[in-house]
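Numbering (this note's numbering), first residue to last: -6 to 272.
Note that the Cβ used here is the ideal one computed from N, Cα and C, for glycine as well.
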């Protein structure tokens, strides 16, 4: 299930890149693309809820709103970044989010950070600096959009952890996409450009695929050993690079490969360390 989730997440980034470039008429603004992602994801959840009954416990709306705001900002920045830099580079940088969550866990969750976790963080940030290509003509300023997305996703992870103690995954997903839909549609109204029929179909596919990926990810984490499932989440990078190559003929260079492997190494070290500590 984790591999399937990874393939779907990679697919959403490619759809965002297609919508953000002038491949089939006028391109759509990243705010509009993220609005489509949240709106159609919410519609998918509503359809699904018609076939199963879910009990909603007392939600912590303030945390939900903060989580949704960060998620919306992260998704928008991510979708914006892939229109300028290779999808594989953007996804690699967003893999910094567990490291950022580690830093934020110090003040917000009062967690203590071991030397091994600091080392994992240093390795991952080194990989991110490699992807920035400092001092080279190919310096990618748009990588800072992906950095912003990673920060938002990292902070979002802290709030998700707080919510998961008392609320079900479906409740968290539904409330998140409801708030995200309101925020994204409000922002998109200022940059609205009428999509073509094909773009409407792609926006719908984006929402359906994203919520399907989220559901598969949650199920894989709940039904199996996290230490076994988590490494497969990095297959997202492989799928995204493959889609980018076949659709846009974008081939990762040596720097992209080295940077991506460095970030993933640090993230895996951090993830496995936390899992073994829990055991």
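Measuring CA to CA, which of the options is closest to residue i?
i           : options              : result
residue 139 : 93, 152, 176 and 156 : 93
residue 59  : 37, 154 and 46       : 154
residue 70  : 206, 23 and 124      : 23
residue 300 : 193, 95 and 210      : With the chain covering only -6 through 272, there is no way to say anything about residue 300.
residue 235 : -5, -6 and 1         : 1
residue 73  : 162, 171 and 9       : 9
residue 46  : 163, 244, 4 and 184  : 163
residue 25  : 195, 96 and 121      : 195
residue 157 : -3, 44, 52 and 108   : 52
Tell me whether the beta-carbon of residue i lies closer than 7 angstroms to the beta-carbon of residue j.
i           : j           : result
residue 249 : residue -1  : no
residue 227 : residue 257 : yes
residue 166 : residue 29  : no
residue 116 : residue 259 : yes
residue 232 : residue 151 : no
residue 175 : residue 57  : no
residue 205 : residue 31  : no
residue -5  : residue 202 : no
residue 254 : residue 170 : no
residue 86  : residue 121 : yes
If you draw a straight line from the C-alpha of residue i to the C-alpha of residue j, how long is it?
i           : j           : result
residue 261 : residue 143 : 16 angstroms
residue 37  : residue 230 : 26 angstroms
residue 186 : residue 103 : 45 angstroms
residue 55  : residue 240 : 41 angstroms
residue 119 : residue 141 : 17 angstroms
residue 211 : residue 42  : 17 angstroms
residue 136 : residue 251 : 16 angstroms
residue 238 : residue 79  : 9 angstroms
residue 182 : residue 7   : 24 angstroms
residue 114 : residue 263 : 7 angstroms
residue 243 : residue 11  : 13 angstroms
residue 173 : residue 197 : 15 angstroms
residue 107 : residue 209 : 31 angstroms
residue 112 : residue 95  : 12 angstroms
residue 191 : residue 21  : 12 angstroms
residue 99  : residue 91  : 13 angstroms
residue 48  : residue -3  : 28 angstroms
residue 105 : residue 184 : 44 angstroms
residue 27  : residue 97  : 25 angstroms
residue 88  : residue 126 : 17 angstroms
Mark residue i as exposed unless 16 or more other C-beta atoms lie within 10 angstroms of its C-beta, in which case mark it buried.
i           : result
residue 50  : exposed
residue 160 : buried
residue 188 : buried
residue 76  : buried
residue 68  : buried
residue 246 : exposed
residue 19  : exposed
residue 110 : buried
residue 133 : buried
residue 179 : exposed
residue 207 : buried
residue 39  : exposed
residue 123 : buried
residue 44  : exposed
Run the proximity test for residue i: is its beta-carbon closer than 6 angstroms to any non-hydrogen atom belonging to the ligand GDP?
i           : result
residue 179 : In the structure on display, the ligand GDP does not appear, and there are no ligands present to speak of.
Worksheet entry | Stretch pair the stretch 137 to 155 + the stretch 49 to 69: three plus CB contacts closer than 8 angstroms | yes
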